[in-house]
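Read through the structure below, which is laid out as structure tokens, and then see the notes.
Chains as they are written, first to last, in my numbering: chain A, 22 to 131; chain B, 3 to 117.
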């Protein structure tokens, strides 16, 4: 079993809809949680991070962590075609090593 | 800032040939990471350096893979001999600082195809 599980999608939504992405993990040692966005033929870029249970907002993006369930989510409100990308969750171990999920491909149609 | 620079962007080679991938990290960054991304296995850490010294190479799949960082502005990942299963996108990333939340900045990747 992988330490980080993420549905690869693709997830197709109409413009303006809410995109809901999630990951589950098995390693309790993970202390921090990140979301990366990867456009086609590009490297991943950090979108946001969180380190405690609860919600964190950044504009149209909300990251949610439930450590008791080992479950993290990313919500994108008012989705735009420019949000079409692959979203990777990443779990951070103590020294900063990233353990990535498989990535979920999101397609926002106009 | 030019960001992390990787070359070549695309490489097509035949099985058995030597392949060298190159990376120039962001100036001032003291950590450098090499990753491999495939559909089957996702994004995997191969090796990372701190101040040009290899710290953890446990992700390097086989002895056919080797990485060097001769100075703070250059690193190479070499595959010799290459095999079709090495086909993947290889990313280099760099980071300043050792904090768990210090951001890793990824390069554009090298798409390797081994025929």
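Don't be surprised by glycine CBs; every beta carbon is placed ideally from N, CA and C.
Those residues which DSSP pairs with residue i across a bridge
i, result
"residue 87/A", "92/A"
"residue 35/A", "130/A"
"residue 24/B", "9/B and 78/B"
"residue 46/A", "25/A"
"residue 73/B", "76/B"
Three-state secondary structure assigned by DSSP to residue i
i, result
"residue 58/B", "strand"
"residue 79/A", "strand"
"residue 87/B", "helix"
"residue 103/A", "helix"
"residue 2/A", "What the structure shows of chain A is the stretch from 22 to 131, and residue 2/A is not part of that stretch, so it cannot be assessed."
"residue 43/B", "coil"
Proximal residues of chain A, C-beta to C-beta of residue i below 7 angstroms
i, result
"residue 104/B", "117"
"residue 110/B", "63 and 64"
Neighbourhood of residue i by C-beta, 7 angstroms cutoff - its chain only, sequence neighbours within 5 removed
i, result
"residue 37/A", "99 and 100"
"residue 88/A", "74"
"residue 78/B", "22, 23, 24, 69 and 70"
"residue 105/A", "127, 128 and 129"
"residue 47/B", "35, 37 and 61"
Where residue i meets chain B, residues with beta-carbon distance less than 7 angstroms
i, result
"residue 124/A", "44"
"residue 121/A", "44 and 45"
Given residue i as reference, the closest of the options once Cα atoms are compared
i, options, result
"residue 57/B", "32/B, 83/B and 23/B", "32/B"
"residue 90/B", "6/B, 44/B and 35/B", "44/B"
"residue 111/B", "25/A, 51/A, 64/A and 35/A", "64/A"
"residue 131/A", "26/A, 35/A and 29/A", "35/A"
"residue 123/A", "33/A, 56/A and 70/A", "56/A"
"residue 44/A", "110/A, 120/A, 114/A and 117/A", "110/A"
"residue 120/A", "41/A, 48/A and 40/A", "48/A"
"residue 93/B", "86/B, 113/B and 99/B", "113/B"
Interface partners of residue i on chain A, CB under 9 angstroms
i, result
"residue 121/B", "Given that chain B is displayed from residue 3 to residue 117, the structure contains no residue 121/B and the question cannot be resolved."
Cross-chain neighbours of residue i in chain A, by beta carbon under 8 angstroms
i, result
"residue 48/B", "Per Cβ cutoff of 8 angstroms: no residues; residue 48/B is ~12 angstroms from chain A at best."
Interface residues of chain B facing residue i [CB-CB closer than 9 angstroms]
i, result
"residue 109/A", "44 and 45"
Same chain only: Cβ atoms within 6 angstroms of residue i, ignoring 5 sequence neighbours per side
i, result
"residue 53/B", "32"
"residue 18/B", "83"
"residue 88/B", "81 and 116"
Where residue i meets chain B, residues with beta-carbon distance less than 8 angstroms
i, result
"residue 46/A", "Correct list: empty, because the minimum Cβ distance to chain B is about 14 angstroms."
"residue 70/A", "103"
CB contact check: residue i to chain E, cutoff 7 angstroms
i, result
"residue 128/A", "This model lacks chain E altogether; the protein chains it does include are A and B."
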